[in-house]
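Only one structure is covered here, and it is reproduced in the block below.
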Amino acid sequence: MRGRALRQRDADPHRVRHRVRAAHRRAGHERGPGRQQHRLRRHERGRHGGRRQPGARYRRRPRRRGRRHRTRVPRPARRRHRGRPARGADGRGGTPAGRSGRRARLPAAVGVRVPDVPGHHGDTGLRGDRWWPRRLPRTTARRPAARRREGGDPVKDFIAGIPKCELHLHIEGTLEPELRFELARRNGRTLPYADAEALRDSYAFDDLPSFLASYYDGMRVLVAEADFYDLAWAYLTRAHEQNVRYVEIFFDPQAHTSRGVPFSTVIRGLRRALVDARSAYDLHAELILCFLRDLSAEYAMATLMESLPYKDWIIGVGLDSDEKGNPPTKFTAVFEHARTEGYFLTMHCDVDQENATEHIRQCLDVIAVDRIDHGVNALDDEALLAEIRDRGLGLTVCPISNGWVTDGLKATEVRKLLDAGVKVTVNSDDPAYFGGYVTENLLAVQDALDLSAADIVRLQRNAFEIAWLGTSRRDAYLAELDRYSAP
């Protein structure tokens, strides 16, 4: 009778066929093996988990208000269509592919799991033992947005699409105001700002200490493992959109353990995001533990020891925070021990700080670092610069952040370092506070120096060459870079 009613209501054979299939699904019948699985329409069960009332016409459902009804995701996971991610429990995908112009909203980070499906490049279907973040940044593509730019300035388009490596990025410095408000609500914290824009407008730094005060204040909303996951996932999604292929991420555990947040909470949340980004985006990321130099060496050593159970998740150690009165040699014993544990070593030598060249000298001669972060004041000492070049050490420069806490981008210094044969790289540092991720930093330098495409390739080649990568992975990234830059 139901099939007869369908035929009477609409003689269109295509609509009849779909209605009959929908009726079979409502009756619990499964598709037979080997039969073609057509994409479900919005009016059919499976996308929103609902049913039509008898006699209802085809129309979109009105958007639900308030809390969504959570339906159990069946296994096996629903088939992906045209490279899109598997749908989540509320019918939304992991990226807004096919939903141009809307923000990607994912299920709540607590209590919602996703199908246990393998991840693929461009796919945000995470494994069943992973939690979804609450929200992803805006995106409009199934592949990195930068690759789809057309027209405009050829060099800028070239920068947007080039495979990138980022080596100087503080994960806590990627805490965008919108996420900060969301985490504050989640954890019962009140922020003294009307909204995210008011918070963003409050950023007014003129030196390193004024920035650090705001930076550490922002971390108060990071409490639970899910918070650190969401923080890292938001950055990694943004990095994927900018075609970052490899990134080494600083994190500041002492800024959290000093507030009572366990080290394990911090690193487990970050690590899960890194693993999921590798599966979803084919984006490889590593963690660098940074000690806070304005705290004691004893506290740094205790933090190092606390990291050892997780040292397979940490590629190296670094040193950051207020440099005044806190030279590299204050932490000699800590870094010596870190090297014996197999960690790579790097240290911040911030721009135009007191005793800047002396601190760089200590990094080279006493600590024997593998890399230096910032370090542009090496240009003030020709012998120091020559030693950095001859050792093949890299400098991870952050132009936009320089423009906030020093007297300019130091773009001219980037040009001088390139001309001197130093392996200088361009990075974003703390992009949520300074307003520019890695692509924006490259564009800023290009605008200041009128860099050629060959210069941009050289900056990225430097980054891949000084990254703490295995030979095979490094060679693969360099080959990808060569293919991109080939005429």
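Residues 19 to 505 (this note's numbering) are what the sequence shown spells out, left to right. Each residue gets a CB set at the ideal place from its N, CA and C atoms; glycine is no exception. Treat the numbers as computed from the prediction; the structure is a model and nothing was measured.
Report the residue from Ala252, Val293, Gln260, Arg311 whose alpha carbon sits nearest the alpha carbon of proline 271. Arg311
Endpoints, alpha helix (DSSP H) assigned at lysine 434: 429–437
Quick test of the definition: if touching needs 3 or more C-beta pairs under 8 Å, does the segment 456–463 touch the segment 193–205? no
Since asparagine 344 and cysteine 367 are thought to touch, with beta carbons under 8 Å apart, how far apart are those beta carbons, to the nearest angstrom? Not quite, the Cβ-Cβ distance comes to about 12 Å (not below 8 Å), so this is no contact.
Taking the beta strand (DSSP E) that tyrosine 264 belongs to, which residues open and close that run? 262–269
Beta-carbon separation (whole angstroms), isoleucine 406 vs valine 440, contact threshold 8 Å: 6 Å
Helix, strand or coil for glycine 64 per DSSP? In this prediction, glycine 64 has a pLDDT of 40, which is less than 50 and means its spatial position is unreliable; what the coordinates show is noted afterwards. Reduced to three states, the DSSP call for glycine 64 is coil.
Are the CB atoms of glycine 393 and phenylalanine 362 within a distance shorter than 8 Å? no
At the level of alpha carbons, what is the spacing between threonine 208 and lysine 342? 32 Å
C-alpha distance - phenylalanine 482 paired with alanine 178, whole-angstrom precision: 17 Å
Residue span of the alpha helix (DSSP H) that contains threonine 489, given as start and end: 489–503
So for alanine 74, helix, strand or coil by DSSP? Bear in mind that the predicted position of alanine 74 carries a pLDDT of just 42, short of 50, making it unreliable; the figure below should be weighed with that in mind. Three-state DSSP puts alanine 74 in coil, outside helix and strand.
Tell me, to the nearest whole angstrom, how far the beta carbon of valine 387 is from that of threonine 414; I am working on the premise that it is less than 8 Å. The Cβ separation is near 12 Å, so there is no contact.
Closest to leucine 469 by C-alpha separation, out of Asp437, Tyr451, Asp500, Pro449, would be which residue? Asp437
Boundaries (first-last residue) of the beta strand (DSSP E) holding threonine 364: 362–367
Could you pull the DSSP bridge partners for cysteine 308 from this structure? Gly336
Whole runs of the alpha helix (DSSP H) within the segment 176–241, excluding any shorter than 4 residues: 195–204, 214–219, 226–236
Put arginine 389 into one of helix, strand or coil per three-state DSSP. strand
Can you tell me which of Leu193, Gly412, Trp422, Leu382 puts its alpha carbon nearest to the alpha carbon of proline 227? Trp422
Relative to the alpha-carbon of alanine 494, which residue among Pro172, Glu215, Pro181 has its alpha-carbon at the smallest distance? Pro181
Pick helix, strand or coil for leucine 402, following the three-state DSSP scheme. helix
I need the DSSP call for valine 444, collapsed to helix, strand or coil. strand
Mind checking which residues open and close the alpha helix (DSSP H) that includes leucine 322? 315–325
What's the gap between the Cα of arginine 263 and the Cα of phenylalanine 229? 29 Å
Alpha carbon of glutamine 380 to alpha carbon of histidine 355, nearest angstrom: 17 Å
Mapping DSSP to helix, strand and coil, what is glycine 421? helix
Are the CB atoms of isoleucine 189 and phenylalanine 269 within a distance shorter than 8 Å? yes
Leucine 288 - partner residues in DSSP beta bridges: None, per the DSSP bridge assignment.
For the candidate residues Asp338, Glu196, Tyr317, whose alpha-carbon lies nearest to that of cysteine 308? Asp338
Might you give, ordered along the chain, the residues of its own chain that have their beta carbon closer than 6 Å to the beta carbon of threonine 283, omitting 5 neighbours on each side? Glu243
Report yes or no: do three or more beta-carbon pairs, one from the segment 246–264 and one from the segment 209–228, lie closer than 8 Å? no
Glycine 453 and isoleucine 418 look like a contact to me (Cβ under 8 Å); what is the Cβ gap, rounded to whole Å? 7 Å
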